[in-house]
Amino acid sequence: MKSHPLHIIFHSHWDREWYFPFQVFRARLLYALDRILELAEEFPEFKFHLDGQTVIIEDYLELRPQKREELFSRIREKKILAGPFYILPDEFLISGETAIRNFLIAQNILRSKSLPSMNVAYLPDMFGHSAYIPTLIKGLGMNSVFLWRGVGEKPRDAEFIWKGPDGSRVLAINLVHGYGNLMPVVKENESIKFVENYEKFKKFVEREVETLLKRSNTNHTLLMAGSDHTFPSHLLVKFVRKLKEEGYNCKISTLEEYAEILENLHLELKEIKGELRDSRHVPVLKDALSARISLKQKSHLIERALIKVIEPLMATAYLLGVPIDFDLLHYTWKLFLRTLPHDDICGCSIDQVHREMSVTQDQVLQLIQVMRCQLMNKLTERFKATESKGYKLVVFSPFPRKTKTIIEKELYLGLDEVHEDLTVVDNEQRLPTEIDDLGVEGCIIRNSESFRLFNTAEEEYIRDFLVSEIPGQHNIKRRRIKVRFEAELPPMSIKIFELRHEKKNNNDKKIIGGNTVETPFLRVSINKDGTLNVEDKRTGRIYKNLCYLEDGEDIGDEYNYSPSKTPEVITTLGRDAKIKVVEGIFGFLVNVEHTLELPECFDFERGKRADKKVSCPVKIFYFIHKNSPRIDIKMNFENKAKDHRLRVCFELPISSKTHIADDYFGPVERPNTIEIEDTEKYVEIPENRYPMQNFVYIADDRGGIVLSTKGLREYETRASQSSVTLALTLLRSVGMLSRAGLITRKGHAGPEIPTPEAQCLGWHTAEFSLYFTESYSIEEAYSFSESYQALPVVVVDKDVEDVEFSVLSIEPSSLILSTFKIAEDKDGVILRLYNVAESEVQGVIKLGWKPKKVETVNMAEAPIERESKIEIKENEITIKAKPHEVITLKLS
0 MKSHPLHIIF
10 HSHWDREWYF
20 PFQVFRARLL
30 YALDRILELA
40 EEFPEFKFHL
50 DGQTVIIEDY
60 LELRPQKREE
70 LFSRIREKKI
80 LAGPFYILPD
90 EFLISGETAI
100 RNFLIAQNIL
110 RSKSLPSMNV
120 AYLPDMFGHS
130 AYIPTLIKGL
140 GMNSVFLWRG
150 VGEKPRDAEF
160 IWKGPDGSRV
170 LAINLVHGYG
180 NLMPVVKENE
190 SIKFVENYEK
200 FKKFVEREVE
210 TLLKRSNTNH
220 TLLMAGSDHT
230 FPSHLLVKFV
240 RKLKEEGYNC
250 KISTLEEYAE
260 ILENLHLELK
270 EIKGELRDSR
280 HVPVLKDALS
290 ARISLKQKSH
300 LIERALIKVI
310 EPLMATAYLL
320 GVPIDFDLLH
330 YTWKLFLRTL
340 PHDDICGCSI
350 DQVHREMSVT
360 QDQVLQLIQV
370 MRCQLMNKLT
380 ERFKATESKG
390 YKLVVFSPFP
400 RKTKTIIEKE
410 LYLGLDEVHE
420 DLTVVDNEQR
430 LPTEIDDLGV
440 EGCIIRNSES
450 FRLFNTAEEE
460 YIRDFLVSEI
470 PGQHNIKRRR
480 IKVRFEAELP
490 PMSIKIFELR
500 HEKKNNNDKK
510 IIGGNTVETP
520 FLRVSINKDG
530 TLNVEDKRTG
540 RIYKNLCYLE
550 DGEDIGDEYN
560 YSPSKTPEVI
570 TTLGRDAKIK
580 VVEGIFGFLV
590 NVEHTLELPE
600 CFDFERGKRA
610 DKKVSCPVKI
620 FYFIHKNSPR
630 IDIKMNFENK
640 AKDHRLRVCF
650 ELPISSKTHI
660 ADDYFGPVER
670 PNTIEIEDTE
680 KYVEIPENRY
690 PMQNFVYIAD
700 DRGGIVLSTK
710 GLREYETRAS
720 QSSVTLALTL
730 LRSVGMLSRA
740 GLITRKGHAG
750 PEIPTPEAQC
760 LGWHTAEFSL
770 YFTESYSIEE
780 AYSFSESYQA
790 LPVVVVDKDV
800 EDVEFSVLSI
810 EPSSLILSTF
820 KIAEDKDGVI
830 LRLYNVAESE
840 VQGVIKLGWK
850 PKKVETVNMA
860 EAPIERESKI
870 EIKENEITIK
880 AKPHEVITLK
890 LS
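Per numbering that gives the first Met the number 0, the very first residue in the sequence shown carries number 0; after that it's consecutive.
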């Protein structure tokens with residue numbers, strides 16, 4: 000035993016907020032880091048890990064600025080280990096690009112202060128792990144990852160090789176007994192106390208080492224001296240010294256040192272592939288995906304805006320010579336990342352935490368609005384002014400391929416200005432246009448001379464005025480309208496359309512008498528209960544009872560759903576609804592109104608749902624596209640009930656055993672049914688409830704459906720021999736942070752604290768879309784989801800030139816654009832794409848400018864060599880992409 004190398008890691012797992020708000024935990028952080036600095040001074044051998052989170056440094060120094068040099072000195076000496084990330088996020092509620100920004104932000108902070116970063120990935124408490132983590136870790140220049148939840152039996156070893164879909168291989172070090180296996184405790188009189196006796200401590204260590212060696216492929220043992228919000232102990236450091244004095248081969252080590260030793264041993268380890276969500280030994284707390292779901296919807300909106308709008312807009316502006324406010328973008332990303340630790344974005348904290356988180360999200364959205372307005376207006380100023388007959392609609396398309404899409408824009412007109420005859424014109428060609436009158440609203444005008452009028456709904460500049468006789472700020476009445484038109488947009492481009500008064504548009508909408516509508520692709524019947532029967536005219540396949548609501552009790556907590564022993568499920572199937580069908584230029588709008596009579600709550604004393612009912616109104620809006628096999632769906636519903644879960648369900652006549660969902664850099668395949676022989680062996684019952692990024696695709700060789708959502712991340716598949724039912728979670732109402740006695744999980748997942756606001760009472764909105772494919776096509780699934788998620792950006796101006804500038808295009812469709820942004824060193828732009836095909840493809844990237852230099856870099860934006868060279872000819876790049884490969888180019 001004494002000869003076995005023992006590596007002791009001092010750390011504290013620091014949730015910035017959880018069962019206390021941020022400021023309470025930060026006050027504790029001050030004293031924790033004060034003690035860490037004291038220990039670093041007192042014990043030369045002492046080393047401490049800052050939980051992989053660089054934000055801890057900012058949180059501490061904001062209130063202890065006098066400690067700056069002392070802290071930085073210890074980090075430079077590597078007595079305190081910083082980085083590699085900014086925060087520790089949940090993996091399934093962020094995108095791969097956000098995970099990369101989490102790394103880049105941290106590295107920028109550390110580099111700016113000449114501080115070293117830990118070069119191993121530390122993912123101690125994520126609620127399971129994405130299949131693309133090896134791709135991400137390797138892409139960021141690291142070779143090792145420390146993790147815990149989700150490993151299960153594949154394998155149970157303390158070390159294994161984890162392989163990504165693209166073939167990336169990393170050394171995975173499994174924290175078999177968690178990240179606190181050297182927190183020696185004993186139970187005395189029903190209370191937990193730390194061991195203060197050296198002999199007891201030594202026995203604790205020996206037992207732990209003996210157990211871990213059975214799981215290890217080496218004689219090295221990792222002992223984690225720390226846990227949630229713990230302070231490092233003087234006594235524990237002295238105990239380690241005494242172990243060493245008695246001849247034990249032990250030392251206070253670092254995660255970097257431990258990983259390097261294991262890498263140099265060249266062990267023959269088991270190799271596994273795929274996501275890690277096994278809950279046999281440790282719960283993965285999978286239903287945190289649907290707790291406080293409105294926060295997740297807002298987070299999704301922010302993420303898409305930053306990655307698919309703001310960063311590409313900035314890169315475009317940069318290429319056109321527009322000055323860029325990098326500081327504002329950097330701050331916005333930091334603010335957003337602070338809402339993404341798992342206790343925050345998963346919705347599993349006390350109510351106060353999530354109130355504050357929602358305010359932070361609002362602040363991020365405000366900054367996004369500011370950046371979007373600034374960028375679009377600076378871009379329009381680059382174009383020479385000409386006289387126009389009306390308003391100019393400046394449209395930025397984020398799509399890397401030519402796209403025909405419906406574009407919407409709200410704007411204000413004078414009260415006396417005629418709007419019925421407004422038409423969108425492209426090169427003197429009138430485009431199909433719809434105008435909706437949204438009524439009269441007040442607007443704000445400022446300044447005494449020349450100024451812009453703000454659209455108070457979207458905070459965008461609308462028109463120039465000259466009101467020299469009116470000083471200060473004034474409110475005026477304006478008419479708000481919505482312009483809707485269909486146009487073909489060039490690949491990632493700026494294109495200008497004209498909105499002018501023409502002969503009256505025939506854009507009147509008409510109410511349809513029957514409940515069946517038809518497009519070139521679909522025949523859709525609206526049933527009396529508001530569900531849809533859809534025939535795909537291309538294949539003859541009929542889908543029945545699409546989009547019914549299903550509600551059942553949820554007596555779980557913020558982490559896990561749990562039914563009762565006698566489940567009671569209510570659906571809208573067979574319940575009459577109010578239905579109205581309206582035909583417009585671009586499609587059919589179907590309005591459906593339901594009233595759900597739900598039990599008021601769960602009666603825990605009787606073990607069943609309450610007898611008293613509450614009326615919950617539901618409004619469903621279907622938009623059936625005429626020019627696409629697509630149905631967009633929006634639901635508004637008021638939740639007046641507690642302790643329940645509401646889902647929308649789709650019965651699919653598809654017999655496939657698996658389905659596809661999108662993940663960080665490509666698809667992941669999952670079974671429609673999980674077969675478990677003995678659930679008693681699991682601390683959390685495995686169920687076929689899964690996370691998605693943006694879509695789930697269920698299909699066979701005759702096609703199927705793609706379901707893409709805006710921030711609804713949890714779905715379930717229920718399969719039979721001839722069909723699959725897809726259930727999308729709309730809402731989960733629970734009243735406890737953690738609760739014991741669940742059917743679905745053993746024990747607690749956190750402190751037992753009431754969280755009444757997690758019942759999510761009030762109005763909610765859910766948005767998602769169905770797309771019907773006539774054959775199996777992952778490329779088509781991605782193309783649809785991207786077009787649904789990333790809408791064009793439009794501003795209204797006057798006197799701008801009719802220009803069309805295409806930034807870049809990417810072919811073929813199996814190459815998905817992941818990001819287009821300015822490089823971190825501000826010397827060029829970064830273009831990242833990935834191949835979702837199962838075969839190698841040759842990609843062609845056409846640029847709207849001729850780059851001086853093109854180089855392959857990794858996700859950390861450091862130059863790397865590729866096996867397959869890229870070919871460059873003028874402004875065209877040809878590149879070969881292997882299956883699931885992620886390629887990052889820097890264009891200078």
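Glycine is no exception: its CB is placed at the ideal position from the N, C-alpha and C atoms.
{"Asked": "Roughly how many angstroms separate the alpha carbons of residue 400 and residue 103, rounded to a whole number?", "Found": "28 Å"}
{"Asked": "Report yes if the C-beta distance between residue 812 and residue 836 is below 7 Å; otherwise report no.", "Found": "no"}
{"Asked": "Looking at the structure shown, is residue 376 part of a helix, part of a strand, or coil, going by DSSP?", "Found": "helix"}
{"Asked": "Could you pull out every residue in the same chain whose Cβ sits closer than 7 Å to the Cβ of residue 235, ignoring the five residues on either side in sequence?", "Found": "224"}
{"Asked": "What residue range does the beta strand (DSSP E) around residue 313 cover?", "Found": "Run containing residue 313: none in the beta strand (DSSP E); it sits in the alpha helix (DSSP H), 310 to 318."}
{"Asked": "Please list the terminal residues of the continuous beta strand (DSSP E) segment that includes residue 834.", "Found": "828 to 834"}
{"Asked": "So residue 771 is in the beta strand (DSSP E); what residue range does that whole segment cover?", "Found": "761 to 772"}
{"Asked": "With distances taken between CB atoms, is the gap from residue 629 to residue 770 smaller than 7 Å?", "Found": "yes"}
{"Asked": "Are residue 620 and residue 485 close, meaning C-beta to C-beta below 7 Å?", "Found": "no"}
{"Asked": "Using the C-alpha atoms, what's the distance from residue 80 back to residue 258?", "Found": "14 Å"}
{"Asked": "Tell me, please, which residues DSSP counts as bridged to residue 623.", "Found": "587 and 630"}
{"Asked": "Please classify residue 360 as buried or exposed, where buried requires at least 16 neighbouring CB atoms within 10 angstroms.", "Found": "buried"}
{"Asked": "Which of helix, strand or coil does DSSP assign to residue 164?", "Found": "coil"}
{"Asked": "Report yes if the CB atom of residue 650 is closer than 7 Å to the CB atom of residue 724, and no otherwise.", "Found": "yes"}
{"Asked": "How would you write the range of the alpha helix (DSSP H) that residue 692 sits in, first residue to last?", "Found": "Per DSSP, residue 692 belongs to no alpha helix (DSSP H) and is neither H nor E."}
{"Asked": "Can you tell me whether residue 426 is buried or exposed? The criterion is at least 16 other CB atoms within 10 Å of its CB, across all chains shown.", "Found": "exposed"}
{"Asked": "Measure the CB-CB distance between residue 117 and residue 83 and report whether it falls below 7 Å.", "Found": "yes"}
{"Asked": "Please work out which residues of its chain come closer than 6 Å, Cβ to Cβ, to residue 463, disregarding the five sequence neighbours upstream and downstream, and give them in chain order.", "Found": "Since pLDDT at residue 463 reaches only 35, below the 50 mark, its modelled position is unreliable, and the value read off the structure follows with that caveat. Closer than 6 Å at Cβ, skipping near neighbours: no residue."}
{"Asked": "Do you know how far the Cα of residue 347 is from the Cα of residue 562?", "Found": "19 Å"}
{"Asked": "Would you report the Cα separation of residue 162 and residue 695, rounded to the nearest angstrom?", "Found": "23 Å"}
{"Asked": "In the DSSP assignment, the beta strand (DSSP E) including residue 296 goes from what residue to what residue?", "Found": "Run containing residue 296: none in the beta strand (DSSP E); it sits in the alpha helix (DSSP H), 292 to 304."}
{"Asked": "Where does residue 842 fall in DSSP's three states?", "Found": "strand"}
{"Asked": "Drop a sphere of 10 angstroms on the beta-carbon of residue 641, count the other beta-carbons inside from all chains shown, and report buried for 16 or more, exposed for fewer.", "Found": "buried"}
{"Asked": "Is DSSP giving residue 208 helix, strand or coil here?", "Found": "helix"}
{"Asked": "By DSSP's criteria, residue 807 is part of a beta bridge. Which residues make up the other side?", "Found": "846"}
{"Asked": "Among all the DSSP beta bridges, which residues are the ones paired with residue 615?", "Found": "595"}
{"Asked": "Please report the distance separating the alpha-carbon of residue 123 from that of residue 745.", "Found": "21 Å"}
{"Asked": "Give, in chain order, every unbroken run of the alpha helix (DSSP H) that is at least 4 residues long and sits entirely within the stretch 47 to 106.", "Found": "54 to 60 and 67 to 75"}
{"Asked": "For residue 622 and residue 339, I'd like the C-alpha separation in whole angstroms.", "Found": "33 Å"}
{"Asked": "To the nearest angstrom, how far is it from the Cα of residue 438 to the Cα of residue 422?", "Found": "19 Å"}
{"Asked": "Within 10 angstroms of its Cβ, does residue 878 collect 16 or more other Cβ (buried), or is it exposed?", "Found": "buried"}
{"Asked": "Touch check for the stretch 799 to 811 and the stretch 727 to 739: three-plus C-beta pairs under 8 Å?", "Found": "no"}
{"Asked": "What is the DSSP secondary structure of residue 434, counted as helix, strand or coil?", "Found": "strand"}
{"Asked": "Using 8 Å for Cβ pairs, my map puts residue 289 next to residue 92. What's the rounded Cβ distance?", "Found": "Contact doesn't hold; Cβ gap of about 11 Å is too wide."}
{"Asked": "State the CB to CB distance for the pair residue 342 and residue 16, rounded to an integer number of angstroms; the pair is presumed to be in contact (CB under 8 Å).", "Found": "7 Å"}
{"Asked": "How is residue 265 classed by DSSP in three states: helix, strand or coil?", "Found": "coil"}
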